[in-house]
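Peer 1:
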Amino acid sequence: MGRGPSIEGRKNAEDSRRGKIFTKLIREIGVAARAGGGDPGGNPRLRTAIEKALSANMTKDVIERAIKKATGELEGVDYEEIRYEGYAPGGVAVIVDCLTDNKVRTVADVRHAFGKFGGNLGTDGSVAFLFKKLGVLSFAPGADEDALTNAAIEAGAEDIVVYPEDGAIEVLTAPDDFEAVQAALAAAGFKPGYTEVTYRADNDIAVEGDTAQQVAKLLGWLEDLDDVQHVYSNADLGEDAYA
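This is the structure:
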C-alpha cells in the first residue's frame with residue numbers, strides 16, 4: 018500500500034508555494050511603488066498590493082523593504098511589466114501578465130508552456146479584446162443580499178452577481194471606482210472576504226475531457242512560473258479538468 022507525502026515533504030511544498038506567492042507580491046509592490054511613489058496614501062495600486070501582501074501574512078518589514086528598494090532608498094532589481102497573449106487548446110484565450118528582469122528568459126518560458134500543452138503564443142492584442150478590466154469584491158454566503166445590493170448600487174457598483182449554488186455574492190465595479198465602492202461598503206458594515214482588480218472574459222468557452230485537462234495543466238504551469246504575476250483565461254472548466 019502506497020504512502021502519501023511525509024509531513025516534512027508537505028511542509029516543504031507549502032513553504033515553496035508560499036515563497037513563490039511572496040515573490041510575486043514583492044515584485045508587484047516594487048513596480049507599483051516605482052510607478053506611483055512609495056506613499057500608499059497617494060498610490061492606489063501600491064495600496065492594493067500592500068493589502069494583498071498583508072492578507073497573505075507578509076510582515077510590514079518585508080513590505081517596507083520592497084518599497085524602499087523600488088524608490089531607490091535601498092539597492093534592488095528593476096522589473097519590467099510585460100504581457101503575453103495566446104490560445105490554449107479548444108480555442109481558449111489566455112492572457113499572461115509578467116514582471117521580469119529578463120525578457121528573453123520570460124518569453125522563452127511562456128512560449129515553452131504554450132507549446133508543451135498544445136497551445137500557441139499569439140501577438141499583442143490577439144485576445145485582450147475578449148476581456149474586460151474590473152474590480153471584484155467577494156462576499157461569503159450569508160451576507161444580507163438586499164442590503165448589500167442596495168449599498169453597492171448607491172456606492173456606484175456596475176453589477177452584483179449572486180451565485181445560487183451557495184449564495185456567495187460578488188460586487189463588480191469599474192477599475193477607477195473600485196476603492197470608493199470598497200470604502201462605501203465598509204462604512205455600511207460590509208467587509209469582503211476577497212478583493213481584486215482583475216480581467217474577466219466577456220464570454221467563457223466550455224471545454225471538456227482531455228482538452229479541459231490540457232487547458233488546466235497549461236494554466237497551472239503558467240501560474241507557477243516565477244516571472245508570471247497573473248494568468249487570465251476564458252475557459253469554463255468542468256470537474257474532469259482536474260481528474
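Start counting the sequence shown at 18; every next residue gets the next number (the numbering used here). Just so it is clear, CB atoms sit at the ideal spot from N, CA and C, and this is done for glycine as well.
For Asn137, list the residues DSSP reports as bridge partners.
Peer 2: For the purposes of this step, residue 137 is taken as residue 120 along the sequence shown, with counting starting at 1. Answer is Tyr104, bridged to Asn137.
Peer 1: Touching or not, the segment 68–77 and the segment 35–46, by the rule of three or more beta carbon pairs under 8 Å?
Peer 2: Yes: at least three Cβ pairs fall under 8 Å.
Peer 1: Please list the segments of the beta strand (DSSP E) lying wholly inside the segment 34–102, counting only runs of 3 or more residues, in order along the chain.
Peer 2: Complete beta strand (DSSP E) runs here, min 3: none at all.
Peer 1: Could you please give the first and the last residue of the uninterrupted beta strand (DSSP E) stretch that includes Phe195?
Peer 2: As a working note, residue 195 is residue 178 in the sequence shown. Unbroken run through Phe195 is the alpha helix (DSSP H), 195–204; no beta strand (DSSP E).
Peer 1: Please name the residue, chosen from Tyr249, Asp244, Asp253, that lies closest to Ile99 on a Cα-to-Cα basis.
Peer 2: Here the question's residue 99 lines up with position 82 in the sequence shown. If we check each option's Cα against that of Ile99, Asp244 comes out closest.
Peer 1: Please check the pair Ile112 and Phe148, which I expect to be a contact at CB under 8 Å, by giving their CB distance rounded to whole angstroms.
Peer 2: Within the sequence shown, residue 112 is the residue found at index 95, counting from 1. Within the sequence shown, residue 148 is the residue found at index 131, counting from 1. 6 Å between Cβ atoms; contact.
Peer 1: Mapping DSSP to helix, strand and coil, what is Gly21?
Peer 2: As a position in the sequence shown, residue 21 is number 4, starting the count at 1. No answer about Gly21 holds up, because its pLDDT of 45 lies below 50 and its placement is not dependable.
Peer 1: What are the start and end residues of each continuous beta strand (DSSP E) run of 3 or more residues lying completely inside the segment 138–163, in chain order?
Peer 2: For the segment 138–163, whole beta strand (DSSP E) runs of length 3 or above, ordered along the chain, are 148–156.
Peer 1: Under a Cβ-count criterion, where at least 16 other Cβ atoms within 10 Å of its own Cβ denotes burial, should Gly55 be classed as buried or exposed?
Peer 2: Numbered from its first residue, the sequence shown carries residue 55 at position 38. Result: buried.
Peer 1: Taking the beta carbon of Phe207 as the centre, do at least 16 other beta carbons fall within 10 Å, making it buried, or is it exposed?
Peer 2: Working through the sequence shown from its first residue, we reach residue 207 at position 190. Label assigned to Phe207: buried.
Peer 1: Please state the DSSP three-state secondary structure of Ala126.
Peer 2: Here residue 126 corresponds to residue number 109 of the sequence shown, with the count starting at 1. Checking the displayed sequence, the identity of residue 126 turns out to be Asp instead of Ala. Asp126: helix per DSSP, three-state reduction.
Peer 1: Tell me the DSSP secondary structure of Tyr180 in three-state form.
Peer 2: Translated into positions along the sequence shown, residue 180 becomes position 163. If DSSP states are grouped into helix, strand and coil, Tyr180 belongs with coil.
Peer 1: Start and end of the alpha helix (DSSP H) containing Ala223?
Peer 2: In the sequence shown, residue 223 corresponds to position 206, counting from 1. From DSSP, Ala223 is part of no alpha helix (DSSP H) but of the beta strand (DSSP E) over 222–224.
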